[in-house]
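S.K.: Once you've had a glance at the structure underneath, I'll fire off some questions.
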Amino acid sequence: MCGIVGYVGTKDAAPLIVDGLRKLEYRGYDSAGVAVHAGKGIEIVRALGKLVNLSVALEKHPLLGTTGIGHTRWATHGRPSEINAHPHASGPVAVVHNGIIENHVALRLELEGLGVRFLSDTDTEIVAHLVARELAVAPGKVSLFVAAQAALRRVVGAYAIAVVSKDEPDVIVVARSGSPLVVGLGQGETLCGSDIPALLAHTRDVVFLEDGDVAELRASGVRIETVAGEAVTRPVKHIDWSHVQAERGGYKHFMLKEIHEQPEVVEATLRGRIDLAEGDVYAGEMGVPPEVARTIQRVYFVACGTSHHAAIAGRYWVEQLAKVPAVVELASEVRYRDPIFFPTDLVVAISQSGETADTMAAVKSAKAAGARILALSNVVDSAIPRSADGALYTHAGPEIGVASTKCFTTQLAALLLLAVYLGRRRETLPKERAQAVLQALWETPALMREVLGDADYMHLIAKRIAKATDVLFLGRGLGFPIALEGALKLKEISYAHAEGYAAGEMKHGPIALIDERMPIVVVCPKDAQYDKTFSNIQEVCAREGQVIAIATRGDEQMLEVAQHIVWIPAARDEVLPLLTVLPCQLLSYFVASLKGNDVDQPRNLAKTVTVE
Ligand code: M6R
C-alpha cells in the first residue's frame, strides 16, 4: 500500500521525509519520490525501486527547503516506473496520493478534452490537474486549501492526498476519504503520514483525520474543514506505542492486522469496477475483452495453496453465473501431466505474488497451446501478469504474514466480479440477478466487519481446541473451498494436523476418525446446501465429535447440535465464502498465538515459492 509523509517546519524537509518513508517500508512499495518547496518553486525527485535509489537520486539533486511531501508507491493504476512514481505535478502544484479514484476514466477524458496532456498512467495525476485548474480560475486569489476542496468534490473513490503549491511555501494541504492519514503535531513543526510510525521520531501527539476531512498544515498547527467547507475539530491523541507496535497498527501480529484489514481491501478491490444500475462489471477492469468473454469455451483455473482454494470458489461462480464449463488444477501438477489446453480456453492463473514458479510453469504450458491467459494477482506487473494476455488485480496491498488472509478474500471478490462479467457478456446472467449479486457483494465488507467484531469468541474457542492434534474442516458447495482453506491455515501456523473435506465425502472415509477428542469445524450457513450439511453435523454428533459450526444468525436448530456456534449474518449464497472464511482465519491465528508460534513467519514456509 502506498505511503505518504509530509513535513512543514523549520528543518530540512527532504531527509526527514525519506526517513519517514523508511518507517513505512513495511507497507511495501515499488517506487518513491519527494517534492520540496525549494525557494523558487516545487522540485521533485523520484526513483524506481527501493528508497536507497531515491537517496542516491537526492544526493545528485539535493532538494533544499522546509516544506515537502513524499511517497512510496504500490502500483494500482499504471506499472511501476519512474514516470508513474509520485509526486505528480501540474502547474504550481505537486500531489501524492494513496487509494483509487473510481471516476478516473471519465475525469481523464474530460481533462484531455480540455487540452490537458498527461505524463503518467496514474489516476493520481488527475488530482494534480484538477487542483491546478481550480487555482487558475482566479490566480493569486484562491488558496491551495480552497482549490483542493473544490477539486476533491469532483473525485469519487478512496484517497489520502497531500498537496503542495509553489505559491504557498509554508502550507501542505491533506485530505482523506477511505484511505488512512494521520497528522502529527510537533514543536514548531507539523507532519502527516499514512501511518503512525512515520511520525514517531518527531511527535506522539496526533490527529486522525476522518473521511471527508481536508486539512491545512502549517508549522504552527492544523485547521480542518470538510470537503464541503464546514469547519470541524478532531481530538488530539497521545500515542504511546513502540515503533514495532505502530507498524502492526497496534496488533500483536501482521496476520491479525491483515485479517482485520479485509473489509477495507475487499472494498478497494470492488471500487470503480461495479455498475450497479446496469448490473454489470466494467470491461476495462477485467483483463478479458468482451469478444473473448463471449467466445471462450472453457475456463481453466491454475493456482497453488490458498489461491487454489479461491480458484475452486471461482469455478462454482463461473459455472453458476456464466454457464461456462470450468476446471481447477493445482498448478504444481499441471506440468507433470499432459494437460490439454485449447485456443478457446481462458486460463485464469491466480497468484497473490504473481511469481509462484509452479503457476508460472502452468501458464507457459497453456500459452504454448495457444490458450488465452488471464492473470489474477495482487502485484502489478509481476512475472505472471507480465506473461499473460490480461490482468485482473486485487487491491489488498502487500501481505506480510506468510499465511494468506486478505489476499484470499480479495481474490474471491475479484473472481465473483469475473463470473458476473462473463455471465453478462454471454447473456447467461439476467440483469436482475447480476444486480442482486453485485449489490450483495458491495454490502459484504460491512458484514465482514460484523463477523470480525466477534473475534473474542474465536479466541475462546481457540483456547478449547488449542491442544487438539487433529482437526477436521467440512463444507459443501461454496463451503468446500473454505473448509480446505480453514484446514490449510491451521496447519500452516499452528502446526496441528488438519484436513479439509467436502462434507459429502465424510462418510467415504474421514468419519472413521471421529471420536469425542476430534474438533470438527463445519461451514454450514443457511445456503442451498444447508439441509445436507446439517445432516452431516448430526452424523458427527452421533459419533460424539465436537462440532464448531459456522452458521447463520438465527439458526435455532444449530443450537441443539453444535458445541460452539460462530454466527455470521445472513447473506446471499454467492458472497458467503467471504464471510465464512473469517472465523477460520481467526481460529487458526488464535490457536497459533496461544501456542506461542511465530505466526507471521511459520517454520519451513516462504511467502513466495519461486522454486518448483
Ligand atoms: O503467491 P501465490 O498466491 O501464487 O502463492 C501460492 C501459495 O504459495 C500460497 O497461497 C500459500 O499456500 C500461502 N502460504 C497460504 O497461506
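Numbers -19 to 592, taken from this note's numbering, label the letters of the sequence shown in order.
Even for Gly, the Cβ is constructed at its ideal location relative to N, Cα and C.
Just so it is clear, the structure is predicted and the values come from calculations on it, not from any experiment.
For Asn78, which of helix, strand or coil comes out of DSSP?
M.R.: Note: Asn78 maps to strand in three-state DSSP.
S.K.: Excluding sequence positions up to five away, which residues of its chain have a Cβ less than 7 Å from the Cβ of Glu271?
M.R.: Answer for Glu271: no residue qualifies.
S.K.: Kindly indicate the opening and closing residues of the alpha helix (DSSP H) around Ile176.
M.R.: Premise fails: Ile176 is in no alpha helix (DSSP H) and is neither H nor E.
S.K.: Counting by C-beta, which residues lie closer than 5 Å to a heavy atom of ligand 1, in chain order?
M.R.: Counting every residue whose Cβ lies closer than 5 Å to a heavy atom of ligand 1, we get Cys284, Gly285, Thr286, Ser287, Ser331, Gln332, Ser333, Thr336, Ala383, Ser384, Val589.
S.K.: From Leu236, Asp361, Ile500, pick the residue whose C-alpha is nearest to that of Ala522; which is it?
M.R.: For the residues Leu236, Asp361, Ile500, the minimum Cα distance to Ala522 belongs to Ile500.
S.K.: Mapping the DSSP letters down to three states, classify Thr(-10) as helix, strand or coil.
M.R.: The answer is coil: DSSP assigns Thr(-10) none of H, G, I, E or B.
S.K.: Could you name the residues of the same chain whose beta carbon sits closer than 8 Å to that of Arg295, not counting the 5 residues immediately before and after it, in chain order?
M.R.: Counting only Cβ-Cβ distances below 8 Å, and skipping sequence neighbours, we find Val279, Phe281, Ala306, Val307, Val308.
S.K.: Please confirm if the stretch 159 to 179 is in contact with the stretch 95 to 113, defined as three or more CB-CB distances below 8 Å between the two stretches.
M.R.: No, they do not touch.
S.K.: Considering Cα atoms alone, identify which of Val502, Leu440, Arg444, Ala442 is closest to Leu464.
M.R.: Nearest C-alpha to Leu464: Val502.
S.K.: Under 6 Å Cβ to Cβ from Arg113, same chain only, skipping five residues before and after it: list those, please.
M.R.: Around Arg113: no qualifying Cβ.
S.K.: Out of Pro365, Leu326, Ala586, Leu165, which one is the CA nearest neighbour of Ala346?
M.R.: Closest option to Ala346, Cα to Cα, is Leu326.
S.K.: Counting along the chain, where does the beta strand (DSSP E) carrying Ile530 start and finish?
M.R.: Start and end: 526 to 532.
S.K.: Between the stretch 422 to 437 and the stretch 245 to 257, are three or more C-beta pairs nearer than 8 Å?
M.R.: Contact between the stretch 422 to 437 and the stretch 245 to 257 is present, because at least three Cβ pairs lie under 8 Å.
S.K.: Taking the alpha-carbon of Pro461 as reference, which of Thr560, Gly534, Ala529 has the nearest alpha-carbon?
M.R.: Measuring from the Cα of Pro461, the nearest candidate turns out to be Thr560.
S.K.: With a floor of 4 residues, list each alpha helix (DSSP H) that falls wholly inside the stretch 432 to 478, ordered by position along the chain.
M.R.: Within the stretch 432 to 478, the complete alpha helix (DSSP H) runs of at least 4 residues are 435 to 445, 460 to 474.
S.K.: Within a Cβ cutoff of 7 Å, which residues of the same chain sit near Phe570, ignoring the five residues on either side of it in sequence?
M.R.: These residues qualify, in order along the chain: Met438, His439, Ala442.
S.K.: Exposed or buried, which one is Asp10 when buried takes at least 16 other CB atoms within 10 Å?
M.R.: Buried: at least 16 other Cβ atoms inside 10 Å.
S.K.: Excluding the 5 residues flanking Arg228 on each side, which residues of the same chain have their C-beta closer than 7 Å to its C-beta?
M.R.: Closer than 7 Å at Cβ, skipping near neighbours: Phe234, Lys237.
S.K.: Rounded to the nearest angstrom, what separates Leu356 and Ser222 at their Cα positions?
M.R.: Cα to Cα, the separation comes out at about 37 Å.
S.K.: So, for Ala448: in the same chain, excluding its five sequence neighbours on each side, which residues have a beta-carbon less than 8 Å away from its beta-carbon?
M.R.: Same-chain partners within the cutoff: Ala476, Arg497, Met498, Pro499.
S.K.: Among residues of its own chain, excluding the 5 on either side of Arg214, which ones have a beta-carbon nearer than 8 Å to its beta-carbon?
M.R.: Excluding residues within five positions, the ones whose Cβ falls inside 8 Å are Val187, Phe188, Leu189, Glu190, Asp193, Ile204.
S.K.: Just to confirm, is the Cβ distance from Val431 to Val417 under 7 Å?
M.R.: The answer is no: Cβ separation not under 7 Å.
S.K.: What number of angstroms, rounded off, separates the C-alpha of Gln543 from the C-alpha of Val527?
M.R.: If I take the Cα positions, the gap works out to 5 Å.
S.K.: Buried or exposed, going by whether 16 or more other CB atoms sit within 10 Å of the CB of Pro505?
M.R.: Its Cβ being crowded by 16 or more others within 10 Å, Pro505 is buried.
S.K.: Helix or strand or just coil, what does DSSP make of Ile545?
M.R.: Here Ile545 sits in strand by DSSP.
S.K.: Kindly indicate the opening and closing residues of the alpha helix (DSSP H) around Phe281.
M.R.: Not the alpha helix (DSSP H): Phe281 falls in the beta strand (DSSP E), residues 278 to 283.
S.K.: Tell me the DSSP secondary structure of Gly(-17) in three-state form.
M.R.: Of the three classes helix, strand and coil, the one that applies to Gly(-17) here is strand, per DSSP.
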